[in-house]
Structures are given as structure tokens and as C-alpha cells.
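In what follows, a structure is listed as C-alpha cells, so that the remarks can point back to it.
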Amino acid sequence: MSLSGLLPLLGQTEQFAALVNSLRAPRAQAALIAPDPAIECTVAALWCETDAPVFVLTPNPESARRLYDRLFTWLGDDSPIFHFAESEDIPFERYVPDHGASHQRFVHWRHSEVKLKE
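First residue of the sequence shown: 592, per the working numbering; consecutive thereafter.
The structure is reproduced here in C-alpha cells:
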């Protein structure tokens, strides 16, 4: 069960409608800052309204994991939500690439590229 039925309510606000309209232009980009309690709802509503890939940067790995988990509450378990895990390397430490994480990132990018072409 998801909260996706509530997402159209956000689309009824002037500011959100203006943001969505600006994103419909070719090659549009936007930066959005939302208060913590509204981030998941806003990201989910943007994805539903624009039907385009939405990429979110978070300040640390823990907030990324929390956002990833909470988006499923808004969009449902079958939604294409991907988490690009950041490696927590120590500066000047010898880097050993994580091939599993790299492969996962390529799969996710490919999935969003195919969706864009459809």
C-alpha cells in the first residue's frame, strides 16, 4: 500500500504547478530545496507529474538511505527507485573499486535511459 493517492494534492499548488511547467521545457533542469518532512512527498510528486527520471543528491549516505526507503511508501514497492550508494572512503586511503556497485550504477543508468527513449 502506498500514499500515491495523496500526490495529486501537491500538484494543485501554484508553486508546484509552476515548477512542473518549467521542467517540461526541453533539457530543463531545476534545483529544489524543501524542508525535511516534505522531501519524500515532493520528489515522489515530481516523478509522477513529469514522468521523467528524477535524481536527488543528499548530504550523506544515511539521508540517502532514509530517502530511498521512504520513497517506496509514497510510490509503492514496484516503483523504479534506485539508490546509488556512495563509498565512504577515507581521504588518501588506497582506493579499491567496488565492481558490484559500479555494475549496479550502470544498470540503473541504462534503465533510466531506456525509459527516456520510450
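The beta carbon of each residue, even a glycine, is placed where N, CA and C say it ideally should be. These numbers were taken from a predicted model, which means no experiment stands behind them.
Apart from sequence neighbours up to five positions away, the residues of its chain that approach Leu601 with a beta-carbon distance below 8 Å are Phe607, Cys632, Thr633, Ala636, ordered along the chain. Shown here, Ile630 sits in a helix according to DSSP, grouped into three states. Going by beta carbons, Thr641 and Arg615 fall inside the 9 Å limit. Annotation for Gln620: no alpha helix (DSSP H) segment contains it, and DSSP assigns it neither H nor E. Apart from the 5 residues on each side of it in sequence, Val647 sits with its Cβ closer than 7 Å to the Cβ of Val634, Leu658 in its chain, given in chain order. Contact check for Pro652 against Ala676 passes: the beta carbons are separated by less than 9 Å. At a Cβ-Cβ threshold of 9 Å, Leu662 and Ser654 do not count as neighbours. In this structure, the alpha-carbon of Leu610 lies about 10 Å from that of Gln620. Taking the CA atoms as reference points, Asp668 sits about 28 Å from Asn612. The beta carbon of Ile672 lies closer than 7 Å to those of Tyr659, Leu662, Phe663, Leu666 in the same chain, with the five residues before and after it left out. Looking at Gly691, His690, Ala629, the one whose alpha-carbon comes closest to that of Leu598 is Ala629.
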